[in-house]
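Which chain is which? The protein sequence lines are A and B, in order.
Here my numbering is used: the first residue of the first sequence is 4, the next is one more, and so on.
Here my numbering is used: the first residue of the second sequence is 4, the next is one more, and so on.
These notes concern the structure reproduced below.
Number of protein chains: 2
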Amino acid sequence: MAIERIHQITRSVLNRIMDQSALNEAPARKWLTYRPEIKLIDCTIRDGGLMNDHRFEADTVRAVYQACVAGGIDYMEIGYINSRQIFSPDEHGPWKFCAEEDIRGIVGDNGTPLKLAAMADAEKSDYETDILPSDESVLDMIRVATYIHQIPLALDMIRDAHEKGYETTLNLMAASTVPESEMDEALSMLAESDVDAIYVVDSFGALYSEQVEALVDKFLNALQSTDKQVGIHAHNNQQLAFANTIQALIRGANYLDASLAGLGRGAGNCPMELIVGFLHNPKFRLRPLLECIQYDVEPMRAELMWGFDLPYMITGLMNQHPRAGMRFNAAKERGSMARFYDEMEDAG
Amino acid sequence: MAIERIHQITRSVLNRIMDQSALNEAPARKWLTYRPEIKLIDCTIRDGGLMNDHRFEADTVRAVYQACVAGGIDYMEIGYINSRQIFSPDEHGPWKFCAEEDIRGIVGDNGTPLKLAAMADAEKSDYETDILPSDESVLDMIRVATYIHQIPLALDMIRDAHEKGYETTLNLMAASTVPESEMDEALSMLAESDVDAIYVVDSFGALYSEQVEALVDKFLNALQSTDKQVGIHAHNNQQLAFANTIQALIRGANYLDASLAGLGRGAGNCPMELIVGFLHNPKFRLRPLLECIQYDVEPMRAELMWGFDLPYMITGLMNQHPRAGMRFNAAKERGSMARFYDEMEDAG
Chain A
4 MAIERIHQIT RSVLNRIMDQ SALNEAPARK WLTYRPEIKL IDCTIRDGGL
54 MNDHRFEADT VRAVYQACVA GGIDYMEIGY INSRQIFSPD EHGPWKFCAE
104 EDIRGIVGDN GTPLKLAAMA DAEKSDYETD ILPSDESVLD MIRVATYIHQ
154 IPLALDMIRD AHEKGYETTL NLMAASTVPE SEMDEALSML AESDVDAIYV
204 VDSFGALYSE QVEALVDKFL NALQSTDKQV GIHAHNNQQL AFANTIQALI
254 RGANYLDASL AGLGRGAGNC PMELIVGFLH NPKFRLRPLL ECIQYDVEPM
304 RAELMWGFDL PYMITGLMNQ HPRAGMRFNA AKERGSMARF YDEMEDAG
Chain B
4 MAIERIHQIT RSVLNRIMDQ SALNEAPARK WLTYRPEIKL IDCTIRDGGL
54 MNDHRFEADT VRAVYQACVA GGIDYMEIGY INSRQIFSPD EHGPWKFCAE
104 EDIRGIVGDN GTPLKLAAMA DAEKSDYETD ILPSDESVLD MIRVATYIHQ
154 IPLALDMIRD AHEKGYETTL NLMAASTVPE SEMDEALSML AESDVDAIYV
204 VDSFGALYSE QVEALVDKFL NALQSTDKQV GIHAHNNQQL AFANTIQALI
254 RGANYLDASL AGLGRGAGNC PMELIVGFLH NPKFRLRPLL ECIQYDVEPM
304 RAELMWGFDL PYMITGLMNQ HPRAGMRFNA AKERGSMARF YDEMEDAG
């Protein structure tokens with residue numbers, strides 16, 4: 004009975020999601036309990052790799068893959084395709100590079116509905132040579148991560164991946180620091196590109212929901228004459244990653260990044276288990292995610308130390324990269340948090 | 004510079020807060036960076052006491068008190084005034100009862116701007132005898148916690164406390180389970196009472212922001228011909244306690260409950276450090292709160308085990324009391340989370 008009640012209450016949220024879907028020119032629907040256009044992208048291994056130099060055990064990667072398949076997740080981002088010239092394979096784990104044989108070692112030929120994605124960083128990827136033609140790869144999607152000043156390069160990376168036959172997304176990092184005029188210019192260039200989806204990325208976990216809404220509105224507006232989608236990638240520095248993801252989807256974002264137990268850099272990401280609990284599309288299933296979190300992801304927490312924590316809250320409040328917080332947390336003996344706050348204010 | 008930017012972005016949120024304050028018939032203001040009517044109520048010891056049977060060391064209670072004073076917090080709720088007939092003082096710590104001498108042992112005569120509050124539970128408090136006249140107590144405010152079916156008793160408790168000279172609030176628990184017609188009837192009775200503020204209490208951490216907004220709107224609407232305030236007390240079962248508190252304040256709630264490091268039952272409360280980071284009233288100061296969290300509150304986490312965790316997420320999703328999750332977590336060896344999920348679904 005309690006379940007019925009909450010489903011009933013939640014219907015108002017869902018109806019609002021429905022109304023907003025008109026923004027994407029989806030056919031009008033009056034009474035549906037979910038928006039089928041919504042895609043969930045699991046970033047557990049890719050973003051989590053920033054906490055262990057991409058050195059996950061193969062068993063862990065396989066467990067996350069199997070959980071994503073069983074949970075009905077749409078995409079799993081398995082790592083980076085970054086340069087072996089810039090980053091030594093001796094110093095970084097395999098998920099920094101995503102060699103085709105390493106991916107196949109986990110997924111075989113991936114005969115499942117789960118699509119596979121990898122991320123290439125602008126200026127850090129030998130994308131022309133390292134990204135195979137899509138018919139030679141089990142990857143389905145290339146995601147290009149870029150700061151605002153790298154947009155011209157990112158556009159060439161999108162062109163390259165598109166020509167090779169991949170779905171593509173452009174993940175515009177540190178959206179909380181981009182001046183409005185540059186954002187507008189970038190969006191108008193992106194609207195003319197081949198990219199399939201453009202992400203609002205709150206790299207610093209600095210955005211409040213209203214700011215996320217304004218950015219999603221701006222992105223949708225700039226793309227309204229195209230069939231491109233808008234995505235959201237939130238960080239949890241202020242315990243707002245899930246809340247901001249919901250607000251973005253209510254406004255019309257259809258590509259939602261999340262990770263199991265929120266595993267990701269610093270304060271981590273939107274927890275996949277929360278967004279799956281919120282969405283009503285019956286293809287998503289919570290139970291296999293819970294198993295994987297309990298037995299494969301949480302056991303890594305003591306070593307990887309991701310998740311909400313005061314140093315990350317402070318960098319988020321100051322709209323700064325979390326690296327100072329990661330340094331503070333990596334020290335053997337924790338220093339004074341109040342002093343860290345003082346120092347960050349001075350550096351701001 | 005980064006700081007300036009975030010302050011600039013945040014201004015849009017704050018302006019929206021300003022517009023909404025018209026709901027409370029506050030004088031119209033065009034350009035202010037904070038709403039002075041907002042009151043922060045610290046629940047660290049009161050709600051946290053539900054995780055250790057109210058057995059805090061005096062030094063801990065003193066540290067929280069001093070941090071609240073230094074942080075410019077408006078109220079500190081120091082515990083419950085519950086019945087010694089129902090709850091044996093041998094089995095519960097002093098903050099279950101809040102004897103006047105115990106409070107004075109911490110705060111002396113409290114010659115500070117911080118006001119002190121205690122909570123009395125409907126049907127669990129000998130309020131007529133145990134609550135002293137306010138001129139014999141250092142307490143300033145009595146908060147009455149009630150379920151919907153106890154409203155008539157709660158109204159008598161409010162009358163009693165008001166006549167004794169206290170400020171009062173009524174905290175309507177488990178708002179996510181109250182049928183709309185009963186809620187409307189309760190609000191119309193409360194509008195005629197002497198209570199100073201009425202709280203939306205999301206006891207089960209089940210509400211999404213839009214539902215919180217709808218409840219705050221309903222409460223404000225029912226109270227619009229009075230000068231009563233609306234409050235919000237959120238739980239973090241879905242990592243939405245802070246987000247829901249912001250949404251409530253944007254809609255016009257002026258009494259905001261929070262606790263240091265979110266200490267509170269189960270998944271805990273809205274973290275005070277996050278809401279102080281968000282608000283711009285210069286009377287609130289983050290630094291002393293950080294000190295207290297680091298040295299006095301966090302050291303209790305391993306034993307008290309509050310905070311977001313999958314069992315609490317599951318009870319929240321099912322709109323259930325967290326007690327099943329607390330039992331699950333108290334077991335020496337954790338059972339299967341997926342099985343806990345199955346059992347909760349069957350119980351729903």
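In this text, a Cβ means the ideal position worked out from N, Cα and C, and glycines have one as well.
Open item on the list: Using C-beta distances below 7 Å, list every residue in its chain close to A264 (chain A), excluding the 5 sequence neighbours before and after it, in chain order.
Closed with: Indexing the first sequence from 1 puts residue 264 (chain A) at position 261. Excluding positions up to five away in sequence, the list reads P274, I296, V300, E301.
Open item on the list: Does the CB of E294 (chain B) have a neighbour CB from chain A at under 7 Å?
Closed with: For the purposes of this step, residue 294 (chain B) is identified with residue 291 of the second sequence, where counting begins at 1. Chain A contact via Cβ: present.
Task: 6 Å CB neighbourhood of V72 (chain B) in its chain, flanking five on each side removed - done: Locating residue 72 (chain B) in the second sequence gives position 69, counting from the first residue. For V72 (chain B), where only same-chain residues beyond five positions count, the Cβ hits under 6 Å are T115, L117.
Task: Neighbour-count burial assignment, R367 (chain B), 16 or more Cβ in a 10 Å radius - done: Since the first residue shown for chain B is 4 and the last is 351, residue 367 (chain B) is missing from the structure and cannot be characterised.
- [ ] Compare the C-beta of G280 (chain B) with all C-beta atoms of chain A and state if any pair is closer than 7 Å.
- [x] Taking the first residue of the second sequence as 1, we reach residue 280 (chain B) at position 277. Chain A, which has a Cβ nearer than 7 Å to the Cβ of G280 (chain B), makes this yes.
Open item on the list: Please list the terminal residues of the continuous alpha helix (DSSP H) segment that includes R326 (chain B).
Closed with: One-based indexing of the second sequence puts residue 326 (chain B) at position 323. Looking at the DSSP string, the run of the alpha helix (DSSP H) that includes R326 (chain B) is 326-333.
Open item on the list: Quick check on Y78 (chain B): does DSSP put it in helix, strand or coil?
Closed with: Position 75 of the second sequence holds residue 78 (chain B). In this structure, Y78 (chain B) counts as strand in the three-state DSSP scheme.
- [ ] Using a cut-off of 8 Å between C-beta atoms, extract the partners of S212 (chain A) located in chain B.
- [x] Taking the first sequence and counting its residues from 1, one reaches residue 212 (chain A) at position 209. Those are S212, A246, I249, Q250, listed as they occur along chain B.
- [ ] Closer than 6 Å by C-beta to A194 (chain A): which residues in its own chain qualify, once you throw out the five before and the five after it? Chain order, please.
- [x] Residue 194 (chain A) sits at position 191 when you count from the first residue of the first sequence. Closer than 6 Å at the Cβ level, and outside the excluded window around A194 (chain A), lie A225, L226, T229.
TODO: Taking all protein chains shown into account, decide if M192 (chain A) is buried (16 or more other Cβ within 10 angstroms of its Cβ) or exposed.
DONE: Working through the first sequence from its first residue, we reach residue 192 (chain A) at position 189. It counts as exposed.
Open item on the list: If you measure between the beta carbons of Q250 (chain A) and E216 (chain A), is that distance less than 7 Å?
Closed with: Sequence index remark: in the first sequence, residue 250 (chain A) carries index 247 (1-based). Sequence index remark: in the first sequence, residue 216 (chain A) carries index 213 (1-based). A contact, by the Cβ cut-off of 7 Å.
TODO: Confirm, please, whether the CB-CB distance from I84 (chain A) to A121 (chain A) is below 7 Å.
DONE: On the first sequence, position 118 is the one that residue 121 (chain A) refers to. On the first sequence, position 81 is the one that residue 84 (chain A) refers to. Contact: yes.
TODO: Can you pull the chain A residues whose beta carbon is under 7 Å from the beta carbon of L320 (chain B), in chain order?
DONE: The residue labelled residue 320 (chain B) in the question sits at position 317 within the second sequence. Residues of chain A passing the Cβ test: G280.
- [ ] Would you mind working out which of A:F311, A:T63, A:G234 sits nearest V110 (chain A), comparing C-alpha positions?
- [x] Taking the first residue of the first sequence as 1, we reach residue 110 (chain A) at position 107. Answer by Cα proximity: A:T63.
TODO: Compute the beta-carbon to beta-carbon distance between I154 (chain B) and A200 (chain B), rounded to the nearest angstrom, for a pair I have assumed lies under 8 Å.
DONE: Against the second sequence, residue 154 (chain B) aligns to sequence position 151. Against the second sequence, residue 200 (chain B) aligns to sequence position 197. Going by Cβ atoms, the distance from I154 (chain B) to A200 (chain B) rounds to 16 Å, so no, they are not a contact pair.
Task: Identity of the residue in A:K221, A:V204, A:E170 nearest E183 (chain A) by Cα - done: Indexing the first sequence from 1 puts residue 183 (chain A) at position 180. Among A:K221, A:V204, A:E170, the Cα nearest to that of E183 (chain A) belongs to A:K221.
TODO: For L35 (chain B), decide whether its Cβ has a neighbour in chain A, counting only Cβ atoms nearer than 7 Å.
DONE: The sequence position of residue 35 (chain B) within the second sequence is 32, counting from 1. The predicted position of L35 (chain B) is uncertain, since its pLDDT is 43 and thus under 50; a value taken from the coordinates is nonetheless stated next. So no, L35 (chain B) is outside the interface.
Open item on the list: I'd like to know if R326 (chain A) contacts chain B, where contact means its C-beta is closer than 7 Å to some C-beta of that chain.
Closed with: Looking up residue 326 (chain A) in the first sequence gives position 323. No - not a single Cβ of chain B is within 7 Å of the one on R326 (chain A).
Task: Proximal residues of chain A, C-beta to C-beta of E276 (chain B) below 8 Å - done: In the second sequence, counting from the first residue as 1, residue 276 (chain B) sits at position 273. By Cβ distance, chain A contributes L313, M316.
Open item on the list: Between which two residues does the alpha helix (DSSP H) holding V110 (chain A) run?
Closed with: By 1-based counting over the first sequence, the position of residue 110 (chain A) is 107. Where V110 (chain A) is concerned, the enclosing alpha helix (DSSP H) stretches over 103-110.
TODO: Please check if any C-beta of chain B sits within less than 7 Å of the C-beta of M144 (chain A).
DONE: Residue 144 (chain A) sits at position 141 when you count from the first residue of the first sequence. For M144 (chain A), the answer is no, since every Cβ of chain B falls outside 7 Å of its Cβ.
- [ ] Measure from the alpha carbon of I44 (chain A) to the alpha carbon of each residue in A:D163, A:V233, A:M186, then state which is nearest.
- [x] As a working mapping, residue 44 (chain A) is identified with position 41 in the first sequence. Nearest option by C-alpha distance: A:V233.
TODO: Compare the C-beta of A341 (chain A) against all C-beta atoms of chain B and say whether one is closer than 7 Å.
DONE: Within the first sequence, residue 341 (chain A) is the residue found at index 338, counting from 1. With 7 Å as the cut-off, A341 (chain A) counts as an interface residue toward chain B.
Task: Pair within 7 Å by beta-carbon distance, L175 (chain B) and V219 (chain B) - done: What you label residue 175 (chain B) is simply residue 172 of the second sequence in a count that begins at 1. What you label residue 219 (chain B) is simply residue 216 of the second sequence in a count that begins at 1. For L175 (chain B) and V219 (chain B), no; Cβs fall outside 7 Å.
Task: Amino acids of chain A, ordered along the chain, whose beta-carbon sits closer than 9 Å to that of Y344 (chain B) - done: Residue mapping note: residue 344 (chain B) aligns to position 341 of the second sequence, counting from 1. L289, R290, L293, listed in chain order.
Open item on the list: Checking 7 Å against the spacing of the C-beta atoms, do N272 (chain B) and C46 (chain B) come in under that value?
Closed with: As a working note, residue 272 (chain B) is residue 269 in the second sequence. As a working note, residue 46 (chain B) is residue 43 in the second sequence. Their beta carbons are under 7 Å apart, which means N272 (chain B) touches C46 (chain B) by this criterion.
Task: Three-state secondary structure assigned by DSSP to E276 (chain A) - done: As a first step, residue 276 (chain A) must be located in the first sequence, where it is residue number 273. Three-state result, E276 (chain A): helix.
Open item on the list: By alpha-carbon positions, which one of A:A256, A:P97, A:I48, A:S91 ends up nearest to E80 (chain A)?
Closed with: Indexing the first sequence from 1 puts residue 80 (chain A) at position 77. Selected option, being the one with the closest Cα: A:I48.
TODO: Return the chain-ordered list of same chain residues with a C-beta closer than 6 Å to the C-beta of D133 (chain B), the five sequence neighbours on each side being excluded.
DONE: Sequence index remark: in the second sequence, residue 133 (chain B) carries index 130 (1-based). For D133 (chain B), where only same-chain residues beyond five positions count, the Cβ hits under 6 Å are I84.
- [ ] Report the three-state DSSP secondary structure of N257 (chain A) (helix, strand or coil).
- [x] Here residue 257 (chain A) corresponds to residue number 254 of the first sequence, with the count starting at 1. Three-state DSSP puts N257 (chain A) in coil, outside helix and strand.
Open item on the list: Would you say Q242 (chain A) lies against chain B (beta-carbon separation less than 7 Å)?
Closed with: Start at 1 with the first residue of the first sequence, and residue 242 (chain A) comes out as number 239. It does: the Cβ of Q242 (chain A) has a partner Cβ on chain B nearer than 7 Å.
Task: chain B contacts made by the region 294-308 of chain A, where a contact means CB separation under 8 Å - done: E294, I296, Q297
Task: Identified DSSP bridge partners for T172 (chain A) - done: As a first step, residue 172 (chain A) must be located in the first sequence, where it is residue number 169. A:R146, A:A200, per the DSSP bridge assignment.
Task: Three-state class that DSSP yields for L293 (chain B) in the structure shown - done: In the second sequence, residue 293 (chain B) corresponds to position 290, counting from 1. Helix, per DSSP.
- [ ] Note down the Cα distance separating L307 (chain B) from S262 (chain B), rounded to an integer number of angstroms.
- [x] Here residue 307 (chain B) refers to the residue found at position 304 when the second sequence is read from its first residue. Here residue 262 (chain B) refers to the residue found at position 259 when the second sequence is read from its first residue. Using only the alpha carbons, I get a separation of about 14 Å.
Task: Cβ distance (whole Å) where E170 (chain B) is taken to contact D138 (chain B) below 8 Å - done: Within the second sequence, numbered from 1, the residue matching residue 170 (chain B) stands at position 167. Within the second sequence, numbered from 1, the residue matching residue 138 (chain B) stands at position 135. That pair is no contact at about 14 Å.
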